[in-house]
Amino acid sequence: MNTVYALWLRQLKRFVRSRARVVAALGQPLLFLVAFGFGFGRIYSQAGEGDYLQYVSPGIIGMTIMFIGVFSGIELIWDREFGFLKETLVAPVPRSWIMLGRTAGGATVAVVQGFVVAGVCMAFGFRVSGLAAAGYGLIFMILSAILFTALGSGLALVMPDFQAFQFIIQFLVMPMFFLSGALVPLKSVPPALQIVASLDPFSYAVDGLRAVLVSSATQYGLATDLTVLSVLAALLLALGARLFSRIQI
Amino acid sequence: MIRVRNLVKMYGDFAAVGDISFEVQQGEIFAFLGPNGAGKTTTIKMLTTLLQPTSGTIEVDGLDPAAQPNEVRTRFGIVFQDASTDDQLTAYENMDLHCVLYNVARNQRRGRIEKLLRLLELWDRRDNQVKLFSGGMRRRLEIARSFLHTPKIIFLDEPTLGLDPQTRNHLWTHVQELNQQERVTVFLTTHYMEEAARVAQRIAIIDQGKIVAQGTPAELQANTRTGTLEQAFLALTGSTMREESVSTVDRVRFNRTKRTKRL
Numbered sequence: 000m001n002t003v004y005a006l007w008l009r010q011l012k013r014f015v016r017s018r019a020r021v022v023a024a025l026g027q028p029l030l031f032l033v034a035f036g037f038g039f040g041r042i043y044s045q046a047g048e049g050d051y052l053q054y055v056s057p058g059i060i061g062m063t064i065m066f067i068g069v070f071s072g073i074e075l076i077w078d079r080e081f082g083f084l085k086e087t088l089v090a091p092v093p094r095s096w097i098m099l100g101r102t103a104g105g106a107t108v109a110v111v112q113g114f115v116v117a118g119v120c121m122a123f124g125f126r127v128s129g130l131a132a133a134g135y136g137l138i139f140m141i142l143s144a145i146l147f148t149a150l151g152s153g154l155a156l157v158m159p160d161f162q163a164f165q166f167i168i169q170f171l172v173m174p175m176f177f178l179s180g181a182l183v184p185l186k187s188v189p190p191a192l193q194i195v196a197s198l199d200p201f202s203y204a205v206d207g208l209r210a211v212l213v214s215s216a217t218q219y220g221l222a223t224d225l226t227v228l229s230v231l232a233a234l235l236l237a238l239g240a241r242l243f244s245r246i247q248i
Numbered sequence: 000m001i002r003v004r005n006l007v008k009m010y011g012d013f014a015a016v017g018d019i020s021f022e023v024q025q026g027e028i029f030a031f032l033g034p035n036g037a038g039k040t041t042t043i044k045m046l047t048t049l050l051q052p053t054s055g056t057i058e059v060d061g062l063d064p065a066a067q068p069n070e071v072r073t074r075f076g077i078v079f080q081d082a083s084t085d086d087q088l089t090a091y092e093n094m095d096l097h098c099v100l101y102n103v104a105r106n107q108r109r110g111r112i113e114k115l116l117r118l119l120e121l122w123d124r125r126d127n128q129v130k131l132f133s134g135g136m137r138r139r140l141e142i143a144r145s146f147l148h149t150p151k152i153i154f155l156d157e158p159t160l161g162l163d164p165q166t167r168n169h170l171w172t173h174v175q176e177l178n179q180q181e182r183v184t185v186f187l188t189t190h191y192m193e194e195a196a197r198v199a200q201r202i203a204i205i206d207q208g209k210i211v212a213q214g215t216p217a218e219l220q221a222n223t224r225t226g227t228l229e230q231a232f233l234a235l236t237g238s239t240m241r242e243e244s245v246s247t248v249d250r251v252r253f254n255r256t257k258r259t260k261r262l
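As given, the protein sequences belong to chains A and B, one line each in that order.
Sequential numbering of the first sequence, starting at 0, is according to numbering that gives the first Met the number 0.
Sequential numbering of the second sequence, starting at 0, is according to numbering that gives the first Met the number 0.
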């Protein structure tokens, strides 16, 4: 267990020491918030849907967590190519602990960034329903962070290099975001898109997060959201641990 | 301490290591000398549980790395050819993390870290992030770290690559000190003849995946009727140039873009 803790701590130290990362990670969420918030906001409220900021903020917070989580795979590739990963691979500890420590570290960083973005949304006027809502929201944030960090690590372990990983970002992460209901309510999109959305794990993360943070109706139901996220997170962790134990360099 | 019999590693039909056998005695400094792409690193990777052999047997302190990786891992320390420290962490934090990974007793950690960092002249820089270190300092840190958990064997894979003569000289002095003080067996690879002749008690010359000769530096010179180890080396391996890369193997395996960042 010390190993998991030490590797978790390592990742937090790395995060705190590169403040540029904290600021850079704010850029994209801010852009979406401003562009969509002001762009769609008026149309949305004219259509009688209410305050768009309340709708879109949970999606932006979720997006931050998903992006940071999946991107943590880049750090793993970097470590494998140039650095510290070898040190952990020859250490006399089960590889699954190494995987767990890394995922815990990456997921924590993602949640912290999620909080920073939540703070920004609140500065623009976003309001959470209450303290309990924030607590339930944290559960969804943590679950999503684990899921997408494990996904990032898994992808990094099967991708040969950075270029391939960037390709993944284009063809997996952006569609996961845009097709999820983060920006537009799924109940108003065509049925075909609804089916696509239901295959997108990020849809469940956003649906759950939004439902608890602003007490809105859910698309899939909270129990479904929780189940899908937990099962997927567990599966991806197990898969990652397996891939990790097989690394040969 | 190390016993290797008929070790083979194939990538497709390319033999990175083709049927080699050798032994390393406890407490000795043993050098694997060979040109680039000879199979030195591949052999080290198989000895250190990072790669599964295609065939043959390996014993490290009586254990099989493929069957009992974690037992074998507690017994050796390694300095890789590429950097493997975390450069966002300080020297001390890197050392401390290693202690956690190797389960070094808590009450011994500080003493061990201080002793080794002092020996390698890094104690005054212990609280600096490794990214501020020069190539030579990073190497010294890696060497200090590899000794932390009092291993029985140390693997040094081209530890002086890219370092200036002064730093190389110091580094070997340190390695010899540690070999004496900690009674550690040292297995090193290099393609610098004079280094092998200086520090190693026994040398195996490897070329194109095969061991072409082994013995003490004096024996190798005598057998090839040459005056220096360099001449012996050229007599044994021929003087044609080798393809300049670490990665004959890497390219076959990964088909990756070549690494650009070296120490």
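Ideal Cβ positions, reconstructed from N, Cα and C, are used throughout, including at glycine.
Because the structure is a prediction, the values reported are computed rather than measured.
Beta strand (DSSP E) segment containing residue i, residue limits
i: R4/B; result: 1 to 10
i: S20/B; result: 13 to 23
i: K209/B; result: 209 to 214
Backbone CA spacing between residue i and residue j [nearest angstrom]
i: E218/B; j: A104/B; result: 44 Å
i: A90/A; j: V116/A; result: 37 Å
i: L118/B; j: H173/B; result: 8 Å
i: V248/B; j: T2/A; result: Bear in mind that a pLDDT of 46 at V248/B, under 50, signals an unreliable position, so the number given afterwards is only what the model happens to contain. Distance between the alpha carbons of V248/B and T2/A: 32 Å.
i: A34/A; j: A65/B; result: 56 Å
i: Y135/A; j: V211/A; result: 6 Å
i: L52/A; j: I59/A; result: 10 Å
i: A131/A; j: I57/B; result: 59 Å
i: G104/A; j: Q162/A; result: 24 Å
i: V291/B; j: P159/A; result: What is shown of chain B runs 0 to 262, which leaves residue 291/B out entirely.
i: A234/B; j: L116/B; result: 41 Å
i: R111/B; j: Q180/B; result: 13 Å
i: L30/A; j: G161/B; result: 45 Å
i: D163/B; j: L238/A; result: 45 Å
i: F139/A; j: G207/A; result: 7 Å
i: M9/B; j: L11/A; result: 40 Å
i: R18/A; j: T84/B; result: 21 Å
When the options are compared against residue i, the one with the closest alpha-carbon
i: S71/A; options: G151/A, V115/A, Q193/A; result: G151/A
i: V15/A; options: S128/A, L30/A, V111/A, V211/A; result: V111/A
i: F13/B; options: Q207/B, L233/B, P216/B; result: Q207/B
i: F75/B; options: R201/B, L187/B, L233/B, Y191/B; result: L187/B
i: D86/B; options: Q128/B, E27/B, M9/B; result: Q128/B
i: R209/A; options: L32/A, A133/A, P189/A; result: A133/A
i: L235/A; options: I248/A, L99/A, L182/A; result: L99/A
i: D18/B; options: L177/B, R4/B, A30/B, E27/B; result: R4/B
i: H148/B; options: N102/B, W171/B, L140/B; result: N102/B
i: A196/B; options: F29/B, K8/B, R224/B; result: F29/B
i: L231/A; options: Y203/A, R41/A, F66/A; result: Y203/A
i: E27/B; options: A199/B, T223/B, N222/B, M45/B; result: A199/B
Limits of the unbroken alpha helix (DSSP H) element including residue i
i: S95/A; result: 94 to 122
i: V55/A; result: 51 to 81
i: I112/B; result: 105 to 118
i: I138/A; result: 130 to 157
i: Q193/A; result: 190 to 197
i: F177/A; result: 173 to 177
i: G134/B; result: 134 to 145
i: G239/A; result: 221 to 244
i: H169/B; result: 164 to 180
Identified DSSP bridge partners for residue i
i: E58/B; result: R2/B
i: D156/B; result: T188/B
i: F31/B; result: T188/B, A203/B
i: V78/B; result: L155/B
i: T87/A; result: None; T87/A has no bridge partner.
i: T89/B; result: Q128/B
Cβ-Cβ distance between residue i and residue j below 8 Å
i: A155/A; j: A106/A; result: no
i: F201/A; j: F176/A; result: yes
i: G68/A; j: F147/A; result: yes
i: A109/A; j: I167/A; result: no
i: I152/B; j: F146/B; result: no
i: T184/B; j: Q25/B; result: yes
i: Q52/B; j: L6/B; result: First, the residue type needs correcting, since residue 52/B is Pro and not Gln in the sequence shown. Yes. Within cutoff.
i: R48/B; j: P68/B; result: The amino acid at residue 48/B is misidentified as Arg; the sequence shows Thr. Against a cut-off of 8 Å, the Cβ pair of P68/B and T48/B comes out as a contact.
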